[in-house]
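1 is the number of the first residue of the sequence shown in the numbering used here; add one for each residue after it. C-beta: ideal position from N, C-alpha, C; glycine also. Each remark here refers to the structure printed beneath this line.
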Amino acid sequence: MTASDMTVEPARRLWQGAGLVMGIKLVGAFLTYVMFAALARAMTHTEYGLFSTAFSLATLTSQIALLGQAQLVLREMPRFDGRQLETEGRAFLRLSYLRTLAGTLLIVAGLVAARWMGANVAPLSVGALILAMTLAELQQNALRGRGYVLAAFGARDVLWRLAVVVIAGAAVLGWLPPLSSDGAVWMTAVTLIALVLLFSVTDSPTCVWKRAWSRLPRGTHLKASLSFWINAVIGVGLPNIATIAVGAMLSVEDAALFFAATKTAQAMQFLPTAMILVGAPQVSRAFHRGDMGEIQRIARMISVFVLLVVACITVALLGFGSRVLEAFGPGFAAGYPVLLILVAGYSVSSLCGPTNALMSLSGNAGTLNKALLCSNLIAIALIPLAAWLFGAIGVAVCFAGSVAGWNLWIRSWIRKHMKVESSVFSLLASPR
């Protein structure tokens, strides 16, 4: 085998692995849209608004309960090899699960206290969904770290969504009674926990049901956990806080519209995001070689794809946007202006290129986190006033402005400090 072959083969495997992830994520994005549309059809508009608020609350607080363990597991699990997997590896994974369970119990205790103080929240059903989401996230990253890509992404992104679609579809067809918001939360939680238990034996050496023959010192990876925890909470915070704010300050019916528009916008932006995900391994290799010209070429390639996809999404929205929302049920087309604003924000983000990957892989994650934190905190601070003055439209503007704002900020930083044009303007840059 020649040196060239030895270089090409790892690259081919990287692209194949990324392609598999992209394929699963593509199916998952479609099923996400179908799942939430089916749930909307299976209950009244008001009940769906209550479900939307509860689901957003569970999504946000599950990342708080994880305490950064999911990202830590993804980083650390590939480091264990051979006999270490059944000793240090299993002990490390078990410790992560225990930390996550402790975080979940604290969150549920807080929900119980909030309910006791008069908050309109169902602590048991939301608590069950938080537990399901934390366990699923932790398991997914553990399996990814061990190389089980299909099992890691297939369980939650495909099988869970399919299960929810089938049950909600049965309610829509009249084979089951209509769902209540609390019943829908319980159903999503129980089905996800069932899949977590089913896939818990996928990797025998690190199976948490087996005894761990090693102990890790207290305080293991606490600094890294804190960093990962902050990043994860920032990452999921804004869209869920926006939905919760709409439900709390406006009405549950408005929350239902906002939630439907958010999930539709996120599904529409999957392809640009997936292309950036696929290109990340090549960006990493180029940084390792110090080949900035190759990084610019990758950015240009991504830009062509993103520009075409964003153009198609724009045309589709202008022609069929309200019909896409009508899949959630009668009256959901009223969320069309919110959908347009959210997609505009996500589109600007996509057109800025692989900003997140370039910053993370170049060792500038600290600068990225500062931009994310500042942008999100400003948006969160403005949301109450925007909701009071302009309703859901105002909240959508804050959301979209934050998503677009930090990407524009980071794109400018990359151009100044790395001398790389990450955005679609790379198509106008002269090749290196």
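- Residue state for Ala122 is assigned as coil, using DSSP reduced to three classes.
- The DSSP-derived three-state label of Lys419 is coil.
- In the DSSP annotation of this structure, the continuous segment of the alpha helix (DSSP H) that includes Gly366 starts and ends at Ala365 to Phe390.
- Secondary structure of Trp209 (DSSP, three-state): coil.
- Relative to Met359, the option among Leu351, Leu368 and Phe320 whose CA is nearest is Leu368.
- Around the beta carbon of Pro272, 16 or more other beta carbons lie within 10 angstroms, which makes this residue buried.
- Taking a contact to require three or more Cβ pairs closer than 8 Å, the stretch 328 to 338 and the stretch 32 to 50 qualify as touching.
- Closest option to Met275, judged by alpha-carbon separation, among Lys223, Gln266 and Phe305: Phe305.
- Every unbroken stretch of the alpha helix (DSSP H) spanning 4 or more residues and falling wholly within the stretch 255 to 333 is given here in chain order: 270 to 289 and 292 to 326.
- The beta carbons of Leu195 and Asn141 sit no closer together than 7 Å.
- Our two residues, Leu162 and Ala379, have alpha carbons roughly 34 Å apart in a direct line.
- Scanning its chain for C-beta atoms nearer than 8 Å, with the 5 sequence neighbours on each side dropped, one finds around Lys419 the residues Met292, in chain order.
- In this structure Ala256 is buried. Its beta-carbon is surrounded by 16 or more other beta-carbon atoms within 10 angstroms.
- Counting C-beta pairs with one atom in each stretch, the stretch 99 to 118 and the stretch 163 to 170 have fewer than three that are closer than 8 Å, which means they do not touch.
- The alpha-carbon separation between Thr44 and Ala333 amounts to approximately 15 Å.
- Leu222 has its alpha-carbon roughly 9 Å from the corresponding atom of Gly68.
- Our two residues, Ile130 and Thr61, have alpha carbons roughly 7 Å apart in a direct line.
- Asn120 sits exposed, since fewer than 16 C-beta atoms from the chains shown fall within 10 Å of its C-beta.
- Spatial neighbours of Leu179 in its own chain (CB-CB distance under 6 Å, excluding positions within 5 residues in sequence) are listed in chain order as Ala42, Met43 and Ala171.
- Sorting Ser96, Phe80, Ala387 and Leu72 by C-alpha distance to the C-alpha of Ala242 places Ala387 at the top.
- Remark: three or more beta-carbon pairs, one from each stretch, lie closer than 8 Å, so the stretch 406 to 414 and the stretch 345 to 353 are flagged as touching.
- With 16 or more other Cβ atoms from the protein chains shown falling within 10 Å of its own Cβ, Ser125 counts as buried.
- In this structure, Ser375 places its C-beta atom within 7 Å of the C-beta atom of Gly405.
- Less than 7 Å divides the Cβ of Leu361 from the Cβ of Val283.
- Straight across, the Cα-Cα distance linking Ala58 with Phe51 is about 10 Å.
- In this structure, the straight-line span from the alpha carbon of Phe320 to that of Arg289 is close to 46 Å.
- The C-beta of Gly154 has 16 or more other C-beta atoms within 10 Å across all chains shown, which makes the residue buried.
- Contact between the stretch 90 to 105 and the stretch 134 to 150 is present, with at least three C-beta pairs closer than 8 Å.
- Remark: C-beta atoms of Ala260 and Gly335 approach each other more closely than 7 Å.
- Taking the C-beta atoms as reference points, Leu373 is found no nearer than 7 Å to Phe228.
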